[in-house]
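Q: Chains as they are written, first to last, in this note's numbering: chain A, 5 to 251; chain B, 1038 to 1458; chain C, 12 to 355; chain D, 8 to 277; chain E, 393 to 688.
The beta-carbon is built from N, C-alpha and C at its ideal position, and this holds for glycine as well.
Once you've had a glance at the structure underneath, I'll fire off some questions.
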Ligand SMILES: Nc1ncnc2c1ncn2[C@@H]1O[C@H](COP(=O)(O)OP(=O)(O)OP(=O)(O)O)[C@@H](O)[C@H]1O
Ligand SMILES: Nc1ncnc2c1ncn2[C@@H]1O[C@H](COP(=O)(O)OP(=O)(O)OP(=O)(O)O)[C@@H](O)[C@H]1O
Ligand SMILES: [Mg+2]
Ligand SMILES: [Mg+2]
C-alpha cells in the first residue's frame, strides 16, 4: 500500500497554519499536513473539527493568518483560487458546486475554463465520460435536475478535467451509493497508480477512505492529533474508538 | 422643535439670504438693527410681522427663491421708500419671518403653525405651490389668520369655504381664457384638450373646456395622463385623427416638450397649440429651437405687459428695479409674490386698522390696479379681476398676444404644418 | 448572558420612563396654553415622528420578520387615508369610525393582493408590490366620482394637535408593545422561520401561507390607521401626496438603520433618521439629498445590522468590530468551539 | 459484506396490519423523465424501514411526494388512514410526519437552540399557545436533544456557521423535536462522523423500541441499514427492484448488481 | 383600422426601446444579483452626455454613442470596484437600498450641475415617413431608435453566447463558488459585466434622447419600467427583454389609443396589472433567463 510514499520532497506542505472566519477567532490552530507526490492522504476527524476549513484556507477562500503553505516548493500561502488552479490544484468542495443551468458537458467544459485549446478540452471530456459512463448518458441534461449522487460524480469529473497535480476532495463519497463509492475510490486509486495523481481528501467514510490511503491524519479542534499510514490509523485502537465508530 | 432654517428679512437685510440654524430663533423676535440710511425716514416705531414658510430647498427650491425675492422686493420698497405701511396716522415697519418648508406638506403645516402660535405673526404670506397652500391654508383658517398668496392657483384651494385665504393670481380655471378667446376671434372652431391628472392641470383642463364652449368652439376630445408621463404618442395620434383647430395641453414643462416632439413626429398639425406651462419660460424657445414657433402659452405676467400702478410703475419698471436688486430678471412667480404683499398692504391701509376682521373685509372689498394687473377678490378669495395673459413664440421671441389691453403683437394663426416649416 | 440580560432590563426601564415623559409632555398645553413651554408645532413634530415609528414598526413586523420586502407598503397608507377621506367626505361618517373603515379597507386589500403576491419570492414580491402601488395610485386617480381623482379630497379641517399627539403616541406604543410580545411567541418565531427557509418551515409544520397573510393583513391594517390619521390632520389628500414612493423607502431606511427584524429597530431608526435628516438639511441645503444619499450608503454598507445590531452583537458589523477593537473590553462574547466530546 | 443482522432478531413492537404510511401506484414525472413509476409500498407502525437504491433512482423524489413537498403525478398516499395525496406539507407534519433533507435546510440565521424550538410539532399547538412564549419544558427538551447530538457547544451559534456534519445533526434534532410518529430521514448520516453514527443508531433503536416510533431511512451506509432495519425497499430507475429483510436484499443478485456492486472487481463505473 | 395599425407601429417602436433600455438592468440582476435602482439615472447620464455633444458641438444625437459608451464603461467599472463589489454577496434588500441612494445622489448632483430645466436634443431626422396614401406615419426618430436597439441586442447576444467572457458571465450567474473554483476571476467578471451593462445603459440614454425631455429626475420612472419588464421577461434574457418590452409597449399604446379620456392612465395601470399577474402566474418570468432555463 505504501509503495512510493517515502521518496522525494513533499508536494504540498501545510506548516503550522492558523486561520478562521472571524478576525478575532481562529478555527485552525496550528495545522501541519504534508503530502508527497503520488500519495493519497486522508484526513478524518469529528464534525466541526476544521477539516473543510483547511481546504478553504488552502484554496484562498479564507485567509491564512499565520503559518505557511508550500506547493511544489513554492510558497502559495493566501493564493487566489485561479492561481491555485494554475499551479495545478483542483478542489471538490463539500457542498454542491455545479452550474445548475448548464448541461453536463458544459459543466465539464467549465472545468477547463482557463484552457484555450479546444482539442484538449474535448479529449479530456471523452476521458471523463469514459470514467463516468453515467455522465456520458446525461451529457445534455441540465445539471440542476440531476440527483445528488450524479452531481457529485460530475464535480469529481470536473476536478479531474484539468489534469491536476493535486486534487483536494472534501468527502467525495458523501451521498454516493456503495457501488459508486467503491468505483470512485477504486478510480482514485487507479489514477493514483497510473498517472501518479496526488490526492488529499477528507472522509467521514473513514474506513474506506483510509483503506485506499497511503497516510492519514486525524484533525481535532483545529489541530492534527494523530498521523500515520492508513493501516496504522485503521488499527489504532484510540482512533478506532474515537473516530471510526469502532467495535 | 425641528431644526428648520429660519431667517428674518428687514430693510437692512437685502443681500442674499442669510441662513442660520436653530439657534437663531431669537433673531426673528429681536428688532432689527437700524442702519443709517433709514434715518431720513421718519422712524416708524410699530412693527407688523408677516410670516411665510417658503421652500428654500427641496423640489420647489427654485420657485421658492423667486417667491422670497418677490416678497423681499416689496419689503425693501415698503420700508425704505414708501416709509412703512400707513394705518391712519400711524406707520408700521414690516418684518417677515421666513421658514424653509422643504417642499413637504407636513413640514409646511408644522411651520405655519409655529409662525402663528410661536412667532405670533400678524398675517401670513403663502408658500409656493398649490399643494402646500392647500395644507397650510387650513391651519391659517383654524387660527383665523389671513393668508394671502400668489402661488397656489388650484381652484380647490378656494372651494373649501375658507374666509382667510386670498390669492392675487389668476386661478387655474381661467388660464386659457384669453388664448381661447383670441383664437375664437381668429376663427378657430374645434378644440382638443389633454392634461395631467393632478390638481392644478385638472383645474386648467376643466377651465379650458368651459371657456372653449363659452366662445363657441366644439370640444372634440379630452384626454388625461399621469404625472411623469414619458410618452404621449397615443394621445397625439388620437388627436391627429380628429384634426382639430386648437390643441390645449396642461401639465409640466416636460409635457410641453413631449407635446411638441410628438406632434412633430406624428405629423399632427392643429391650427394652434396652447400649452400651459413651458412656452412662457425663456428657456423653452432655446431648448426646442424652431419647433417652438407658433406655440401659445398662458402667462400670469410678463414684463412687456401694459398694466401700471403708482407704487411699482409699469411691469418693465418693476423688472428693472428687481434686476437691480437681485441681479436677475423677475419670473412671474416673483412678480406675483410682490403683488401679493402689495395687496395686503393696500388692504391694511384701506381698513385703517390692523384688526384682523377689518383687514379681511378690506381684502374682500379691494379693487385696485397694480403693475401685476387688476386685483379684485371674490367671495372665495380668488382674484376674479385679472385676466390671464397669453404669449406666442414668434421667431424664437416670446410676445404677449392677449388680452388685447396687454398685448404687444398680433396672434399668428393658424400655424403652418410641420412638413412645411 | 447576565450582562445582556441586565442591559435589556435597563432598556426596558428607560423606555418606560420615556413613555411617561412623552405622555405628560402636552399637559402644559391644557394647564397653561399661553405659556409656550410646549408648542403646537413641537407636538406636531412629535406626531409626525410617532407616525413614522408606527409605520416603520408595521413594515418591520411584516417585512423584517418574514423577509418579504414590501416595496409598496405606502399603498396601505394611501388606502387608509382614502378610505377615511371618502367615508368622511362622501358619507359623512364621523372620524373615529372612518379611520377604522379606512384601515379595514387597507386590510381587505392586503388580504386580496397578499393572497396572490405572497406566493412570490424575494425581489419578485417586492416588484409586485411596487407595481400594485403604482397601479393603485392611477386607479385612485381614475375613479374620480369616489376619490375626487387628481384633484384629491378635502377633509373637514380639525387641527387639534394635542389630540393627534396622544392618539399617535398611544397607537405607536401599543403597536410596538404588541410586536414585542409577538416576537416572543411561536407565531413570531415562525415568521422568522419563514424568512430563513420557507419551504423548510412549511415542511416542519408551519402553515406558512396563513402566517404570512395574517401578519400582512395586521401590519397593513395598522398602516391603514396611520394613513387615516394623517389624512385627517393634513386636511387634504390627493393621489400624489398619499401614494408617495419615498414614504415606503423612508420606512425601509429607518428600519434598516435601527435594525431589521428587531423590535426596537424601527423605533430607534426612525428617531435617529428623523433628527439626522433635519440636521443634514439644515447644514447642507442644496447638497442635503446628496449628503443623505451618501450617508445612507455608508450606513447600509457598514452597519447592515443596524443600530440594534451593534448593541446586540458587535461582531455582526464592521463598525461594531472596529468599536470593540478600540474601546471594547467588557463582555466576552461566547465563541463557537469545535465539538470533540468524544467519550465521556 | 454480509453483516450480522441486528434488527432481524430484535422484535418489532406493535407492528399492526394497518400500514401507517402507504403509497399506491405512486408515479412522478418531470417533463419526459419518469422519476418514479407505479411504486407500491407500505410502512407499518413500529418498524424501521430502509429505502435504498442507486443515485438518481428516485428516493428523494419519493420522500418529497410522501411529505407532499411535490405533488405525485399519479397514485395515492395514505398516512394514518388519511388520504394525504393533496395535502400541504404542513398538514402532513401536523399529522405526525417529520423528515430531514438531503440538501440541508436549517434556519441559517437562527441559533441552534432557536432552530430546535421552532421545530415543535404544530398540530399540538392551539392558536392561543401560538401566541405564548415557549414553555420551559419545550426548551429543556430542545437542550436535551442538543446535548445528545453533541451540539452543546454551538447551542447559541448561528446554524449557518456550523460545519457540514453539524448541520446534518441539527437536521436530525429538528426532526426529532416535535416527537413525530413517523420519521423520514434522507441520508441523515452522510458526512457524520462514524462514532456519532453509532450514537444515532442506538438512539433510533431506543426511539423505535421504547417509544414505538416508526422510521423510514434513505441511506447509502449499508452497515447502518442492515443494523437497524427490519425491512428494506430497493428502488432502481424509479421502480421497485426488491423488498425484503436486509439479509434477503443483500443476497439479491439484482440488487447487488444495481447497488452494492459485486465484491470482486468488476470494471464498469470508473 | 388605420388607427389600429398606427397604434401597433407606435407600440412596437416603444417596445423596441423598452427592450434595449432594460438589458443592462436585467443582466446586472441576473449575473450579480444586484437590482440596480440607479439604472434610470445611468440612462439619464447617457442622455445628458448626448445633449452636451448635441448642443455644444453640434453632433447628431446618435453619433454621441461613440463618446457615451466608453465614458459609461469607465464609470461603470469604477463604480463596481468601489461600491457595487461590496454589496454583491449581501441580501437583495441591501443592494436595493445602496443603488437607490446612488440614484438620489446622481439625480441631485445632475440637478446641481445642469439645473432642473428639461433639455432636448435636436436632430436632422425629426419628422416622419408617411405610408402610402394613408394617414399612418412612422416617426423617423423612433424608427431609427428601434433599428439601433435591434442591432445592439444582436451584438450583445453574440457576445454572451460566443465569447469566453460571455460564458464566464453566465457561469458566474449560476454559482459563484463554482465559478471561482474553475478559475474564473469573479471580481474581474463582475467589474466587466457591470461596466458593459452601464455602457449599454448609457447607449440607451443616447437612443432615448431625441424622443423625450432630458432632466435630472427622469430616471425613476425608467427604472420602474426596467424593473417591471425584467421581472416579466426573465433575468438577462435578451429575447425575453425584446418580447417583454414589445408586449408592454403594445399594451400601453393600444389601451391609450382605444380608451377615450383616461386611456394613458389606464395604459400605465394595465402594464403594472399585467406585471403582477405575470409574476403570480409565472414567477420565473415569461422567458426564463440567465438563472432560469436558457435557450440555445
Ligand atoms: N425537478 C426535477 N426536474 C427534472 N428531473 C428531476 C427533478 N428532480 C429530480 N429529477 C430526476 O429524478 C431522478 C431521481 O432523483 P432523486 O433526487 O429522487 O434521486 P435519489 O434517489 O434521491 O438519488 P441520490 O441518492 O443521488 O440522492 C434523477 O434522475 C433526477 O435527475
Ligand atoms: N462560514 C463560517 N463562518 C463562521 N464559522 C464557520 C463557518 N464555517 C465553519 N465554521 C465553523 O468552523 C468550525 C469548523 O468547520 P469545518 O467546516 O471546517 O468543519 P469540518 O471539520 O469540515 O466538519 P464536517 O465534518 O462536519 O464537515 C465549525 O465549528 C464551524 O462552526
Ligand atoms: Mg467539512
Ligand atoms: Mg437523494
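Cα separation between residue 1229 (chain B) and residue 1436 (chain B)?
A: In a straight line, the C-alpha of residue 1229 (chain B) is about 24 Å away from that of residue 1436 (chain B).
Q: Taking the alpha carbon of residue 592 (chain E) as the point to measure from, which residue in E:412, E:403, E:404 has its own alpha carbon closest?
A: Of E:412, E:403, E:404, the residue nearest in Cα terms is E:412.
Q: Is residue 56 (chain D) helix, strand or coil by DSSP?
A: In this structure, residue 56 (chain D) counts as strand in the three-state DSSP scheme.
Q: When DSSP labels each residue in this structure, what does residue 186 (chain D) get in the three-state scheme?
A: Coil.
Q: Please go through the segment 200-253 of chain D and give each complete alpha helix (DSSP H) segment of 4 or more residues, from N-terminal end onward.
A: 201-218, 229-235, all fully within the segment 200-253 of chain D.
Q: Using a Cβ-Cβ cut-off of 7 Å (strictly less than) and excluding sequence neighbours within five positions of residue 168 (chain A), which residues of its own chain qualify?
A: Closer than 7 Å at the Cβ level, and outside the excluded window around residue 168 (chain A), lie 92, 93, 94.
Q: For the segment 22-35 of chain A against the segment 220-237 of chain A, are there 3 or more C-beta pairs whose distance is under 8 Å?
A: Touching, yes.
Q: Once DSSP output is grouped into helix, strand and coil, what is the label at residue 1226 (chain B)?
A: Residue 1226 (chain B) falls in the coil class under three-state DSSP.
Q: So that I know if they touch, is there some Cβ in chain C lying closer than 8 Å to that of residue 1092 (chain B)?
A: So, not an interface residue.
Q: Check distances from the C-beta atoms of the segment 130-142 of chain C to those of chain E and list, in chain order, the residues that come in under 9 Å.
A: Flagged, chain order: 130, 131, 132, 133, 134, 135, 136, 137, 138, 139, 140, 141, 142.
Q: Could you give the distance in angstroms between the alpha-carbon of residue 312 (chain C) and the alpha-carbon of residue 424 (chain E)?
A: Cα to Cα, residue 312 (chain C) sits roughly 17 Å from residue 424 (chain E).
Q: According to DSSP, is residue 78 (chain A) part of a helix, a strand, or is it coil?
A: In this structure, residue 78 (chain A) counts as strand in the three-state DSSP scheme.
Q: Run through chain B and tell me which residues come within less than 7 Å of residue 149 (chain C), C-beta to C-beta.
A: What residue 149 (chain C) touches in chain B: 1263.
Q: Could you check whether the Cβ of residue 168 (chain D) sits closer than 7 Å to any heavy atom belonging to ligand 2?
A: Yes - ligand 2 has a heavy atom lying nearer than 7 Å to the Cβ of residue 168 (chain D).
Q: Go ahead and pull the three-state DSSP assignment for residue 1349 (chain B).
A: Three-state result, residue 1349 (chain B): coil.
Q: Between residue 56 (chain C) and ligand 3, is the CB less than 7 Å from at least one heavy atom?
A: Answer for residue 56 (chain C): no, Cβ out of range of ligand 3.
Q: Please list, in chain order, the chain C residues whose beta carbon lies closer than 9 Å to that of residue 201 (chain D).
A: The premise fails here: residue 201 (chain D) is roughly 11 Å from chain C at the closest Cβ pair, so nothing lies under 9 Å.
Q: If I measure Cβ to Cβ from residue 1223 (chain B) and keep anything under 7 Å in the same chain, skipping five residues before and after, which residues do I get?
A: So the list reads 1448, 1450, once near-sequence residues are dropped.
Q: Shorter than 7 Å, the distance from the beta carbon of residue 35 (chain D) to the closest heavy atom of ligand 4, or not?
A: False, no ligand heavy atom lies under 7 Å from that Cβ.
Q: Within 8 Å of any Cβ in chain A, is that where the Cβ of residue 687 (chain E) sits?
A: Residue confidence for residue 687 (chain E) is low, a pLDDT of 25 falling below 50, so the modelled location carries little weight; the figure read from the coordinates is stated next. No, residue 687 (chain E) does not count as interfacial toward chain A.
Q: So with CB distances below 7 Å, who are the chain B contacts of residue 292 (chain C)?
A: 1094, 1139, listed in chain order.
Q: Check distances from the C-beta atoms of the segment 449-476 of chain E to those of chain B and list, in chain order, the residues that come in under 8 Å.
A: The residues in question: there are none.
Q: Check whether the Cβ atoms of residue 136 (chain A) and residue 161 (chain A) sit closer than 8 Å, and answer yes or no.
A: Against a cut-off of 8 Å, the Cβ pair of residue 161 (chain A) and residue 136 (chain A) comes out as a contact.
Q: Can you tell which of C:212, C:173, C:191, C:293 has the C-alpha that lies nearest to the C-alpha of residue 56 (chain C)?
A: Closest by alpha carbon: C:173.
Q: When the distance is taken between beta carbons, is residue 260 (chain C) closer than 8 Å to residue 492 (chain E)?
A: Closer than 8 Å, so yes.
Q: Is the segment 1096-1109 of chain B in contact with the segment 1363-1376 of chain B, if contact means three or more CB pairs nearer than 8 Å?
A: Short answer: they touch.
Q: Rounding to the nearest angstrom, what Cα-Cα distance links residue 4 (chain D) and residue 121 (chain C) in this structure?
A: Residue 4 (chain D) falls outside the range modelled here, since chain D spans only 8 to 277, and no answer is possible.
Q: Quick check on DSSP: helix, strand or coil for residue 670 (chain E)?
A: Residue state, collapsed to three classes: helix.
Q: Could you tell me if residue 1454 (chain B) is buried or exposed, where buried requires 16 or more neighbouring beta carbons within 10 angstroms of its beta carbon?
A: Per the 10 Å Cβ criterion, exposed.
Q: Can you give me the Cβ contacts of residue 397 (chain E) inside the same chain, cut-off strictly under 7 Å, excluding the 5 residues immediately before and after it?
A: Counting only Cβ-Cβ distances below 7 Å, and skipping sequence neighbours, we find 528.
Q: Closer than 7 Å to a non-hydrogen atom of ligand 2 - does that hold for the CB of residue 230 (chain A)?
A: Not so, every heavy atom of ligand 2 lies at least 7 Å from the Cβ.
Q: Nearest-angstrom Cα distance between residue 156 (chain D) and residue 47 (chain A)?
A: Spanning the two alpha carbons is a distance of roughly 22 Å.
Q: Across the segment 130-150 of chain C and the segment 246-258 of chain C, are there enough close Cβ pairs to call them in contact, namely three or more that are closer than 8 Å?
A: Taking 8 Å as the limit for Cβ pairs, the verdict is that the segment 246-258 of chain C does touch the segment 130-150 of chain C.
Q: Is there a C-beta anywhere in chain C that falls below 8 Å from the one on residue 115 (chain D)?
A: Cβ-Cβ to chain C under 8 Å: yes for residue 115 (chain D).
Q: What does DSSP give as the partner residue(s) for residue 165 (chain D) in the beta ladder?
A: D:118.
Q: Can you list, in chain order, the residues of its chain whose CB lies under 7 Å from that of residue 612 (chain E), leaving out five sequence neighbours each side?
A: Counting only Cβ-Cβ distances below 7 Å, and skipping sequence neighbours, we find 432.
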